[in-house]
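S.K.: Please read through the structure below; I'll follow up with questions.
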Amino acid sequence: MNAPQDNPAAPKPAVTAKKSGPPVPLLIVGAILLIGGIGLGGRMWWRAQHLVETENAFVSGRIHPVATRVAGVVTEMHMQDNAVVKAGDVLLRLDPADASVQIERLKAQIAQADAAIATSAAQIAQARAQAAVTNSQVAQAESVLARTELEAKRSQALFGAELRATSRQELDAALAARDVARADVAARKAGASAAREAVAAAESTRQSANAQKSATQALLKDAQNQLGYVELRASSDGRVGKRTVEVGQRVNAGQQLAAIVEPEVWVTANFKETQLAKMKPGQKVHVKVDAFPGKELEGHVDSFAPASGASFALLPPDNATGNFTKIVQRLPVKVVFEPESLKSLGDAASRIVPGLSVQVEVHIAE
0 MNAPQDNPAA PKPAVTAKKS GPPVPLLIVG AILLIGGIGL GGRMWWRAQH LVETENAFVS
60 GRIHPVATRV AGVVTEMHMQ DNAVVKAGDV LLRLDPADAS VQIERLKAQI AQADAAIATS
120 AAQIAQARAQ AAVTNSQVAQ AESVLARTEL EAKRSQALFG AELRATSRQE LDAALAARDV
180 ARADVAARKA GASAAREAVA AAESTRQSAN AQKSATQALL KDAQNQLGYV ELRASSDGRV
240 GKRTVEVGQR VNAGQQLAAI VEPEVWVTAN FKETQLAKMK PGQKVHVKVD AFPGKELEGH
300 VDSFAPASGA SFALLPPDNA TGNFTKIVQR LPVKVVFEPE SLKSLGDAAS RIVPGLSVQV
360 EVHIAE
């Protein structure tokens, strides 16, 4: 039996043509991207109008160096690494032996000066008494001289008269007495001058002894102060850091042995000069500390630095020489944390310490 064959002449059914165009999923994705782009652009525009931000910021605080005012050997240590201290707490003590020996030596020198002053006072009294005696002797000698000169003149007058009322022997005796009186006056005046010089020398010795005593007393006061400096106390409240000293170590005056970091902290944010136009003190600030991811703290702009960071550099730029390349400068801005914001961290607030990196956003919109 033969199978039925298709008729090649029979007409084929018509095929419906499909319309060309993007698939629906692509349209949805494009719409989402468009909306997202508009939203992102709007957000960036809003932030540009309302916020000024920088990542060039860090936590600042007051760090006090701990250093002794005198040299010595550490005998007691009362400060531990990272420990909390109060102002006035004893941090360490030095061996007081050197200062004590110096004090005793200076006291002995003061006693010697007192003895020298007493001796010079006695010498002054003796010299003044001697000067008084010599002055009296000068007066007596001058009185004798005046009398002998009068006698000599009278004898000369009588001897020169026609009657020769006096003899040559009497005249010679009167002249000799006058000459002796003159010599005696000269000798007495020399003695009086020597006595005055002795008084002046004794007074000079006393003044020198007094000056030496005053200088030694000043040294003694300094030595007593140094004895007080062997006990090193904390200059402020805070935490101890960077301790580099141990018991038995000899330290020099002014050598830094540790540091005390005060609990008060703030943020130093270095903004570009082009970002400062709308910034002013009191504006609200959001601070993100890298050590506390996801946590945002609040603060406010406190003040602006009096000069740019480059002006305080060790080698400030000199644009008056060479080729000039304009560089956008940065100005340090002090941002203070709001107390309530720090309290929200609880005990963790103590871990916000100087040197930590932060991100700062300043709300500049009115």
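Just so you know, we're using numbering that gives the first Met the number 0 here: the sequence shown kicks off at 0 and counts up by one. No residue lacks a Cβ here, since even glycine has one placed at the ideal position from N, Cα and C. Just so it is clear, the structure is predicted and the values come from calculations on it, not from any experiment.
Taking its Cβ as the centre, do 16 or more other Cβ atoms sit within 10 Å of glutamine 225, making it buried, or is it exposed?
M.R.: Counting Cβ neighbours within 10 Å, glutamine 225 comes out buried, since at least 16 surround it.
S.K.: Inspect the CB distances between the region 297 to 311 and the region 324 to 331 and report whether three or more fall short of 8 Å.
M.R.: Yes, the region 297 to 311 is in contact with the region 324 to 331.
S.K.: Can you give me the Cβ contacts of glycine 304 inside the same chain, cut-off strictly under 6 Å, excluding the 5 residues immediately before and after it?
M.R.: Residue identity differs from the one stated: residue 304 is alanine in this sequence, not glycine. Here the set comprises Leu330 and Pro331.
S.K.: I'd like the list of long-range same chain contacts for threonine 118, defined as Cβ closer than 7 Å, with 5 residues on each side in sequence excluded.
M.R.: None.
S.K.: Exposed or buried, glycine 71, counting other C-beta atoms within 10 Å across all chains shown (16 or more means buried)?
M.R.: Buried, since its Cβ has 16 or more Cβ neighbours within 10 Å.
S.K.: In chain order, what residues of the same chain have a beta carbon less than 6 Å from the beta carbon of alanine 138, not counting five sequence neighbours either side?
M.R.: None.
S.K.: CA-CA distance, valine 352 and valine 84?
M.R.: Each residue's Cα considered, the two are about 16 Å apart.
S.K.: Whose C-beta lies closer than 7 Å to the C-beta of threonine 267 among residues of the same chain, with five residues either side of it excluded?
M.R.: Correct list, in chain order: Ala56, Phe57, Ser59, Pro331 and Lys333.
S.K.: Are histidine 362 and leucine 50 close, meaning C-beta to C-beta below 8 Å?
M.R.: Contact: yes.
S.K.: Between Ser234, Leu341, Leu314 and Val73, which lies nearest to valine 250 when the distance is taken from Cα to Cα?
M.R.: Among Ser234, Leu341, Leu314 and Val73, the Cα nearest to that of valine 250 is on Val73.
S.K.: Could you give the C-beta distance for glutamine 136 and arginine 187, rounded to a whole number, given that I count them as a contact under 8 Å?
M.R.: Sure, about 5 Å apart at Cβ, within 8 Å.
S.K.: Comparing the C-beta of arginine 205 with each C-beta of chain B, is any distance below 8 Å?
M.R.: Of the protein chains in the structure, only one exists, and it is not chain B.
S.K.: Touch check for the region 275 to 283 and the region 294 to 302: three-plus C-beta pairs under 8 Å?
M.R.: Touching, yes, given that three or more Cβ pairs across the two stretches are closer than 8 Å.
S.K.: Taking only the alpha-carbon atoms, compute the straight-line gap between valine 69 and threonine 324 and give it to the nearest angstrom.
M.R.: Answer to the nearest angstrom: the Cα atoms are 50 Å apart.
S.K.: Put serine 340 into one of helix, strand or coil per three-state DSSP.
M.R.: If DSSP states are grouped into helix, strand and coil, serine 340 belongs with the helices.
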